[in-house]
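Have a look at the structure below, then the notes.
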Amino acid sequence: MSEKRKIITLSAIGVDSPGLVSKITTKIFQMSGNIIDVEEICRRGLFSIFLIIDFSASKKSIDEITHALKPIENETGLKVILGIHDEDEITDLTEKEDYIVTVLGIDQPGIMANISTFFRKYNINIEDCRMIARGKFFAMEMVIDTSKMITEPPYSHNEAIEKMKDGLKDLCTGLNQSVIIQSEDIYKRVKKLIVFDVESTLIQDLSLKNFLEKIAKTVKPIGSKIESEHSNQGKIQALVKNVSALKGMPVSDLKKFCKILQLNTGTLELIQILKSMGFKVALLSSGFNFFIKRIFEAASVDYAFSNTLKADEHGIITGELEKPVITNTTKNEILEFIMNLENISSDQVVAVGDGSTLSHFRKTVGLSIAFKPDETGMKTDGILSSDRIISMLYFLGISKSELDKYLTRINRKSA
4 MSEKRKIITL
14 SAIGVDSPGL
24 VSKITTKIFQ
34 MSGNIIDVEE
44 ICRRGLFSIF
54 LIIDFSASKK
64 SIDEITHALK
74 PIENETGLKV
84 ILGIHDEDEI
94 TDLTEKEDYI
104 VTVLGIDQPG
114 IMANISTFFR
124 KYNINIEDCR
134 MIARGKFFAM
144 EMVIDTSKMI
154 TEPPYSHNEA
164 IEKMKDGLKD
174 LCTGLNQSVI
184 IQSEDIYKRV
194 KKLIVFDVES
204 TLIQDLSLKN
214 FLEKIAKTVK
224 PIGSKIESEH
234 SNQGKIQALV
244 KNVSALKGMP
254 VSDLKKFCKI
264 LQLNTGTLEL
274 IQILKSMGFK
284 VALLSSGFNF
294 FIKRIFEAAS
304 VDYAFSNTLK
314 ADEHGIITGE
324 LEKPVITNTT
334 KNEILEFIMN
344 LENISSDQVV
354 AVGDGSTLSH
364 FRKTVGLSIA
374 FKPDETGMKT
384 DGILSSDRII
394 SMLYFLGISK
404 SELDKYLTRI
414 NRKSA
C-alpha cells in the first residue's frame, strides 16, 4: 500500500507589505514543499493567504515541517495557522459543480446572513465570496458548489438545482436585491452578443405608458384594443395586430408621439460600455421603427429590428406592415438569424427582457436577465430589480472600480 501524502494547510493574515508571498513560498520551497493550491487576497491594507502544500518529497517528519514553518510569523509579522490533513480530505476539483452567484442592491444589514443560511439549508458550500461594489450600493459575487446539495424526492438533481434557483430569486426579491446565478463554465465562456427587448428594458415605463395612451386617444378604433391589455408589452402587440386602424393617418403625426418616449437612465452609457468590451449589441422591438430610431440613432448598435409601416408617396399610412413582421413570438427567429450571421453559439449570448411570457427570449442562451419583472417564477438566470439598468454590468463580471473608469472615459469624450 502506498504511503499517503503529507498535506499541510497554511493560513496567514496581517498587515500587507511587499515581499510577503516571496518569504512564505521560499520557506516552503526550501523544505521541498509543493504548493497544490493557493489563494491570496489584499483588502484595505490587510493581507491574507491560504495554501495547500504537499510535503511528500520532504525527508522531514510532519512535526519537523510544522515546527520549521512557524518562524514565518516572526519573519513576516503575520498570524500563521497550520493544519495537518489526510489526502482523502482534499477534494478533487473535478468533483465540484460550481455556480457563480451575483447579488446587488442597496446595502442593508443581514444580506450575507440570509443568503448563506439559505445555502446552508440546501447543503450548498460557499467556496468564495467577494465584494465587487461597496458603499450605499452593494454588489457581491459568490462561488458555490452544489455537488453535495440535498435533493428531495421526486426531484432529480437538475430539477432540484432549478428549484433552488427559484428559491434564491424569491429570497433576494424579499430583500430588495437583484440576483443572478449561472454555472461556472457558462460564466467563463466568452460572451459575444447581447440582445435587448427594447420596450421592456430600455424605455422608461411611464413614458411608454403615456405614449400608448396618446395613441389610444388619438386613434379611436384602436383605443379599446390597446386599453384592454394590462401590460405595455401587450398594448404594443395590440397596436401591431390592429395596424389597419392607422390607415389614412400621416406618418408625421405618428412620429410626433415619439418625443414622449424616454430612455432609462444610463442606457446609452451601458451600450457604449458593452461596445467597448467587445460585445455586438442587438435591439429587438415589436413596435414601429420610427419609435426607436430617434432614441437609438446615437447608440451605434450593431443590429436593430423593428416593424416598418407602409406609407404612400404622400407619407400617408396604408394600414400595412412591411415583411417580415416582428412580434414577440418571432424574436427568437431573429436572434437565431443574428447568431448564424455572427457564427456564435447560444451560450455566447446574453438576452435581456422582462422575463415574461411575452418576451419569448430563448431559454438556452448563455445568460438570461429579467429586468424589473412583473411576473414571478420566470425561468431566467437572474433578476435585475434595480432601476439602474447599467447595474447589469456587475452580472458580466465588471467591478465598481472598472465601471467608474468606463464612465469617466465616456464623460471625457462627451465634454
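Throughout the sequence shown, residue numbering follows this note's numbering, covering 4 to 418 in sequence.
Positions of the beta carbon are idealized from the N, C-alpha and C atoms, including for glycine.
Keep in mind that this is a model prediction, so the values were computed, not measured.
Residue i lies in the alpha helix (DSSP H); which residues open and close that run?
{"i": "A301", "result": "Per DSSP, A301 belongs to no alpha helix (DSSP H) and is neither H nor E."}
{"i": "L273", "result": "T270 to S279"}
{"i": "S255", "result": "V254 to K259"}
{"i": "G177", "result": "H160 to G177"}
{"i": "D357", "result": "Unbroken run through D357: none, as it is neither H nor E."}
{"i": "A60", "result": "Element bounds for A60: n/a, residue is neither H nor E."}
{"i": "V243", "result": "N235 to K244"}
{"i": "E76", "result": "I75 to T79"}
Quick one: measure Cβ to Cβ for residue i and residue j, integer angstroms, because I've assumed they're closer than 8 angstroms.
{"i": "I386", "j": "V182", "result": "6 angstroms"}
{"i": "L205", "j": "F214", "result": "Not confirmed; about 14 angstroms, so no contact."}
{"i": "I11", "j": "F58", "result": "6 angstroms"}
{"i": "L107", "j": "A142", "result": "4 angstroms"}
{"i": "G369", "j": "S394", "result": "Their Cβ separation, rounded to whole angstroms, is 19 angstroms, which puts G369 and S394 out of contact at 8 angstroms."}
{"i": "S279", "j": "Y409", "result": "7 angstroms"}
{"i": "I347", "j": "L277", "result": "With a Cβ gap of about 15 angstroms, I347 and L277 do not count as contacting."}
{"i": "S289", "j": "T330", "result": "5 angstroms"}
{"i": "D169", "j": "E100", "result": "Between E100 and D169 the Cβ distance is about 18 angstroms, and since that is not below 8 angstroms, they are no contact."}
{"i": "S102", "j": "S186", "result": "According to the sequence as given, residue 102 is Tyr; it is not Ser. So it is a contact: roughly 6 angstroms between Cβ atoms."}
{"i": "I320", "j": "M252", "result": "5 angstroms"}
{"i": "N292", "j": "Q207", "result": "In fact, because the Cβ distance is near 19 angstroms, the residues do not count as touching under 8 angstroms."}
{"i": "S150", "j": "E92", "result": "Not really, about 16 angstroms apart at Cβ, beyond 8 angstroms."}
Tell me where the beta strand (DSSP E) around residue i begins and ends.
{"i": "M134", "result": "N128 to A136"}
{"i": "D407", "result": "Premise fails: D407 lies in the alpha helix (DSSP H), K403 to S417, not in any beta strand (DSSP E)."}
{"i": "E43", "result": "N37 to R46"}
{"i": "Y102", "result": "D101 to I109"}
{"i": "M342", "result": "Run containing M342: none in the beta strand (DSSP E); it sits in the alpha helix (DSSP H), K334 to E345."}
{"i": "D57", "result": "L49 to D57"}
{"i": "I10", "result": "I10 to V18"}
{"i": "I87", "result": "K82 to H88"}
{"i": "A373", "result": "L370 to F374"}
{"i": "D200", "result": "L196 to D200"}
{"i": "V450", "result": "Here the chain has residues from 4 to 418 only, and residue 450 is not among them."}
{"i": "K262", "result": "Counting along the chain, K262 falls outside any beta strand (DSSP E), and DSSP gives it neither H nor E."}
{"i": "A314", "result": "L312 to A314"}
Where does residue i fall in DSSP's three states?
{"i": "L205", "result": "coil"}
{"i": "P224", "result": "helix"}
{"i": "N117", "result": "helix"}
{"i": "S5", "result": "Summary for S5: the model assigns pLDDT 48, below 50, so the residue's position carries little reliability; its value from the coordinates is reported in the next sentence. S5 falls in the coil class under three-state DSSP."}
{"i": "V24", "result": "helix"}
{"i": "V284", "result": "strand"}
{"i": "N213", "result": "helix"}
{"i": "E323", "result": "strand"}
{"i": "G290", "result": "strand"}
{"i": "S64", "result": "coil"}
{"i": "S181", "result": "strand"}
{"i": "S309", "result": "strand"}
{"i": "I386", "result": "strand"}
{"i": "S348", "result": "coil"}
{"i": "S186", "result": "strand"}
{"i": "F398", "result": "helix"}
Can you tell which of the options has its C-alpha closest to the C-alpha of residue i?
{"i": "G48", "options": "I393, K296, D350 and I16", "result": "I16"}
{"i": "D305", "options": "T330, E345 and D407", "result": "E345"}
{"i": "V83", "options": "I27, I103 and V41", "result": "I27"}
{"i": "I218", "options": "C261, Q351 and H317", "result": "C261"}
{"i": "V104", "options": "V193, G281 and Q180", "result": "Q180"}
{"i": "T79", "options": "L23, I52, K296 and I341", "result": "L23"}
{"i": "L338", "options": "V284, I114, N128 and R391", "result": "V284"}
{"i": "V193", "options": "K258, L399, S404 and V243", "result": "L399"}
{"i": "K212", "options": "G269, T270 and Q265", "result": "Q265"}
{"i": "K63", "options": "Q33, D315, E325 and D407", "result": "Q33"}
{"i": "I114", "options": "N37, T176 and I87", "result": "T176"}
{"i": "L1", "options": "L242, T333 and L257", "result": "Absent from the structure is residue 1, since the part of the chain shown begins at 4 and ends at 418."}
{"i": "T120", "options": "S35, D19, M252 and L174", "result": "L174"}
{"i": "L273", "options": "K313, M167, R391 and T29", "result": "R391"}
{"i": "K220", "options": "G356, A248, K403 and L13", "result": "A248"}
{"i": "G226", "options": "H233, K30 and E216", "result": "E216"}
{"i": "K313", "options": "I129, I65, I153 and V246", "result": "V246"}
{"i": "D66", "options": "G86, K326, A241 and L81", "result": "G86"}
Counting only C-beta atoms, is residue i closer than 8 angstroms to chain C at any point?
{"i": "I109", "result": "Looking at the structure shown, chain C is missing, and only one protein chain is on hand."}
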